[in-house]
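Residue numbers (my numbering), protein chains in the order written: chain A, 1 to 156; chain B, 1001 to 1156.
In this text, a Cβ means the ideal position worked out from N, Cα and C, and glycines have one as well.
As structure tokens, the structure follows; a few thoughts come after it.
Number of protein chains: 2
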Amino acid sequence: MKLPVSTEWVLHCATTLAQLEPRATASAAQLADYFDLPAPYLAKQLKALAKAGVLTATPGPRGGYRLARPAADITLLQIVEAVDGAASPYECHEIRQQGRGALSPEDCRHTCVIAVKMAEAHQAWKRSLAGVTLADILGEIPPWAPARTRSLLSGS
Amino acid sequence: MKLPVSTEWVLHCATTLAQLEPRATASAAQLADYFDLPAPYLAKQLKALAKAGVLTATPGPRGGYRLARPAADITLLQIVEAVDGAASPYECHEIRQQGRGALSPEDCRHTCVIAVKMAEAHQAWKRSLAGVTLADILGEIPPWAPARTRSLLSGS
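Okay, here's the thing in structure tokens:
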């Protein structure tokens, strides 16, 4: 069970964008440079974040990305699901209905209790990440960090 | 983020073994037949469950698998981790320490707050699955199911 490597990228990029002045933007190239990440692949992930409504893309040569809404309204779950989807890691293929021990369709009108418990665990994971916003993350970084971030990012 | 397809297999096989009479066993071939699963691949997963201490393998022509301890002492988490490991799906590659924005090692003595939040979500997932035992699962299947399971399994 692995999240894509880009999960770390988008969480850090969104945290970086959350440190910009209001309406300021950063381009995919700037963010790639800031974290030394492969620019084309990062660009694809940032587009996914924009498509999911987490970021807003402003077009043009001076364009770039900014948060689509206040940092307090963007959760880690929204960022993670933008690049990895919302599906549960557990896939139920209804093996209870196959083989020598196959249950009848009538006996399978309710979701398999194992699938229910696996779904509950996924909900617990989601609730945890839905309870953390970018504003919460900013509240835990050092006070000097945002000014440094803005300075290094704009210089690239 | 996907669990292996065999996660469903081992959860159902462990639930099946939990329905046997005390000290009764079922072979990998019987379980594969019961759920119409590829026997060699299932055998490998059952071995992993035995290695993890969830099942006990009894050798010999009449041998097979049984639960290594009472169903109330085996959690879904132990079963899932036996085949998929205990690692968090989120991998932190410390990108905060690379690129133009690289933080110094001194500024990274504490775990990255993003990694901390992702680890907390994984802990929530683990807690959820650690809170469900095979006995809990048995408590939610129909009263007629165990006798049917034993009958169909032993007939194969």
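| Asked | Found |
| --- | --- |
| Residue from A/6, A/122 and A/14 with nearest C-alpha to residue 1002 of chain B | A/122 |
| Chain A within 9 Å of residue 1065 of chain B, Cβ atoms only | no |
| Through-space distance from residue 1134 of chain B to residue 1071 of chain B, alpha-carbon basis | 5 Å |
| Residue 1129 of chain B versus residue 140 of chain A: straight-line alpha-carbon distance, rounded | 29 Å |
| Contact list for residue 98 of chain A against chain B, beta-carbon separation under 9 Å | 1035, 1036 and 1037 |
| Any non-hydrogen atom of the ligand MN closer than 8 Å to residue 25 of chain A Cβ | The model depicted lacks the ligand MN and carries no ligand whatsoever. |
| C-beta contact flag for residue 146 of chain A and residue 19 of chain A at 9 Å | yes |
| Cβ-based contacts, 7 Å cut-off: residues of the region 80-97 of chain A near chain B | 84, 89, 90, 91, 92, 93, 95 and 96 |
| Three-state secondary structure assigned by DSSP to residue 1041 of chain B | helix |
| C-beta neighbour in chain A for residue 1149 of chain B, strict 9 Å | yes |
| Cβ neighbour criterion (16 or more within 10 Å) applied to residue 1006 of chain B | buried |
| Environment of residue 1105 of chain B [buried if 16+ CB atoms lie within 10 Å] | exposed |
| Residues of its chain near residue 1052 of chain B, where Cβ-Cβ distance is below 6 Å and the 5 sequence neighbours each way are ignored | 1082 |
| Bridge-paired residues (DSSP) for residue 1066 of chain B | B/1056 |
| Residue 80 of chain A versus A/15, A/152, A/36 and A/26, residue with shortest Cα-Cα distance | A/15 |
| Residues sharing a beta bridge with residue 115 of chain A, DSSP | DSSP lists no partner for residue 115 of chain A. |
| Cβ-based neighbour list, residue 1089 of chain B, same chain, cut-off 6 Å, excluding 5 preceding and 5 following | 1001 |
| Stretch pair the region 1089-1100 of chain B + the region 25-34 of chain A: three plus CB contacts closer than 8 Å | yes |
| DSSP beta-bridge partners of residue 1026 of chain B | B/1065 |
| Neighbouring residues, chain B, relative to residue 153 of chain A (Cβ below 9 Å) | 1100 and 1101 |
| Contacts that residue 1007 of chain B makes with chain A (C-beta to C-beta distance below 7 Å) | 90 |
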